[in-house]
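All remarks here apply to the structure that follows.
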Amino acid sequence: MLSSRPYLARALYQWLLDNDQTPHIVVDAKQPGVEVPEQFVQNGQIVLNIAPQAVEELFIENDAISFSARFGGKPMRVMVPTEALIALYARENGVGMVFGHEPVMPDHGAEAAGLGEEESGEEESSDERPSLASVEDAGEEVGKDDGGGEGAPKAPPKGRPSLRVIK
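Our numbering puts the first residue of the sequence shown at 11, with every later residue one more than the last.
Now the structure itself:
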């Protein structure tokens, strides 16, 4: 699957502009392919204003964010690979998103080789892969093992619904 980061970045950028905020990005300047003004890098990171008034030719593509801007009066083309994007937020109030590391998707080599689930061993290892389950689903599994009487309904957990990883 493609990275969700550029899709989220485009949506956040538009949302911030729609709310009259000034979008800024935090970039990991140590990542390969990053082209930023080195004199402004601090602790391996740089914060860049990407508001329409501050940049020209802004492109938030799937593989990188690129634009032209002036730094100390000198024009420069900036290139930020998607993997180097750490955060996108509003200067005025800090609202935005910090991007974590995305999980590596499983290799589908067995499927490409023409093996089915049973032949590739995926069925046996499915218990080892994380999956999303609601709290209610997890409660039902626990209820089966606690020996609490046959057909005894479990009260649903109180509080906000949430998702958690079940191994």
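Don't be surprised by glycine CBs; every beta carbon is placed ideally from N, CA and C.
Because the structure is a prediction, the values reported are computed rather than measured.
By the neighbour-count definition (other C-beta atoms within 10 Å, threshold 16), Pro85 is an exposed residue. Pro33 has its alpha-carbon roughly 13 Å from the corresponding atom of Leu95.
By the C-beta criterion, the stretch 61 to 78 is judged not to be in contact with the stretch 105 to 112, since fewer than 3 inter-stretch pairs fall below 8 Å.
In the three-state DSSP reduction, Asp73 falls in the coil class, being neither helix nor strand.
Following the DSSP letters along the chain, one finds Arg101 in no beta strand (DSSP E), marked with neither H nor E. Around Arg80, the same chain offers no residue with a beta carbon nearer than 7 Å, after the five sequence neighbours per side are excluded. The beta carbon of Arg87 is closer than 6 Å to those of Ser78 in its chain, skipping five residues each way along the sequence.
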